[in-house]
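For the sequence shown, my numbering gives the first residue as 61, with consecutive numbering after it.
Okay, structure first, notes after.
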Amino acid sequence: MTRINDTAPAWDERTQLTTFLDYTRDTARAKRAVRDGLHVDLRWILLHLTEETARHNGHLDILREMLDGTTGH
Numbered sequence: 061m062t063r064i065n066d067t068a069p070a071w072d073e074r075t076q077l078t079t080f081l082d083y084t085r086d087t088a089r090a091k092r093a094v095r096d097g098l099h100v101d102l103r104w105i106l107l108h109l110t111e112e113t114a115r116h117n118g119h120l121d122i123l124r125e126m127l128d129g130t131t132g133h
């Protein structure tokens, strides 16, 4: 039976350190919410998500009407 360690590429300390630093940099960047150079707050994020959801729901509603022919609620 082949062990995973025998087939996987060797990870030396430098590879581990590079991976960790990349991860740390990317997660730090993801924690910052910036739009057009301005920091945004949770209110802006929630409003944006609500707007996007409403926009896509409208598209899906049109597709549903085209498929089954019913309109309205």
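Positions of the beta carbon are idealized from the N, C-alpha and C atoms, including for glycine.
Model, not experiment: these values are computed from the prediction.
For Asp128, the enclosing alpha helix (DSSP H) has its first and last residue at Leu102 to Asp128.
CA-to-CA, the gap between Leu127 and Thr113 works out to about 21 Å.
Assignment of Thr75 by DSSP, reduced to helix, strand and coil, places it in the helix class.
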